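S.K.: The structure that follows is given in the form of structure tokens.
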Ligand SMILES: O=c1[nH]c(=O)n([C@H]2C[C@H](O)[C@@H](COP(=O)(O)O)O2)cc1CO
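In the working numbering, the protein residues as written are 3 to 140.
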């Protein structure tokens, strides 16, 4: 299955290690199209080798190609929020992972389209959730 993994870049890179581990785990049995999100060398500046218009076009194309969008929403990010709304607009299945420490935005939690919202407190728990749920989207 092709997965569009969504996570914060310019919103802050504090959770990059979580993104990296989850992408590595997902990529064992799937193809993650957005592996760069887990790249520890990618800073808060984002992918400076591309223009912002090129980034947006590539990412929208990847999202259209993907079977599933997985968004890690713990670190607030305008891009992640935009991607979630875009996934809703094109009717792409969405699974959300959110750390229990913070409260998810009402604009996401209050959207009926986002039914698969999963709260976790450890990376093991997050991996377990993905292990249980991703296969349901096959
Ligand atoms: O360099 C980039 N590359 C890229 O693929 N994105 C996309 C993928 C991420 O899921 C999302 C992150 O948005 P933001 O940068 O606003 O936190 O936007 C965003 C940027 C920089 O905004």
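We put the CB at the ideal spot given by N, CA and C, even for glycine. The structure presented is a predicted model; accordingly, all values stated were derived computationally and were not measured.
Rounded to whole angstroms, what is the Cα-Cα separation between residue 113 and residue 94?
M.R.: Position 111 of the chain shown, counted from the first residue, corresponds to residue 113. Position 92 of the chain shown, counted from the first residue, corresponds to residue 94. Cα to Cα, residue 113 sits roughly 14 Å from residue 94.
S.K.: How would you write the range of the beta strand (DSSP E) that residue 84 sits in, first residue to last?
M.R.: The count along the chain shown starts at 1 and reaches residue 84 at position 82. Where residue 84 is concerned, there is no enclosing beta strand (DSSP E), although the alpha helix (DSSP H) it sits in stretches over 80-91.
S.K.: What separation, rounded to the nearest whole angstrom, lies between the Cα atoms of residue 68 and residue 60?
M.R.: The residue labelled residue 68 in the question sits at position 66 within the chain shown. The residue labelled residue 60 in the question sits at position 58 within the chain shown. Distance between the alpha carbons of residue 68 and residue 60: 12 Å.
S.K.: The beta strand (DSSP E) that contains residue 97, what's its start and end?
M.R.: Within the chain shown, numbered from 1, the residue matching residue 97 stands at position 95. Per DSSP, residue 97 belongs to the beta strand (DSSP E) from 96-101.
S.K.: So, helix, strand or coil for residue 74, using DSSP?
M.R.: For the purposes of this step, residue 74 is identified with residue 72 of the chain shown, where counting begins at 1. Note: residue 74 maps to strand in three-state DSSP.
S.K.: Does DSSP put residue 115 in a helix, a strand or coil?
M.R.: Sequence index remark: in the chain shown, residue 115 carries index 113 (1-based). Three-state DSSP puts residue 115 in coil, outside helix and strand.
S.K.: Using a Cβ-Cβ cutoff of less than 6 Å, which residues in the same chain neighbour residue 11 once the five nearest sequence positions on both sides are dropped?
M.R.: Position 9 of the chain shown holds residue 11. Only 48 meet the Cβ criterion.
S.K.: Rounded to whole angstroms, what's the CA-CA distance from residue 141 to residue 131? Just pull it up for me.
M.R.: Given that the chain is displayed from residue 3 to residue 140, the structure contains no residue 141 and the question cannot be resolved.
S.K.: Rounded C-beta distance between residue 86 and residue 118? I'm assuming under 8 Å.
M.R.: The residue given as residue 86 occupies position 84 in the chain shown. The residue given as residue 118 occupies position 116 in the chain shown. That belief does not hold up - the Cβ atoms of residue 86 and residue 118 are roughly 12 Å apart, past 8 Å.
S.K.: Can you tell me whether residue 70 is buried or exposed, with buried defined as 16 or more other CB within 10 angstroms of its CB?
M.R.: Reading the chain shown from its first residue, position 68 is the one you call residue 70. Buried, by the Cβ-count rule.
S.K.: Closer than 6 Å by C-beta to residue 39: which residues in its own chain qualify, once you throw out the five before and the five after it? Chain order, please.
M.R.: The residue labelled residue 39 in the question sits at position 37 within the chain shown. Correct list, in chain order: 7, 9, 21.
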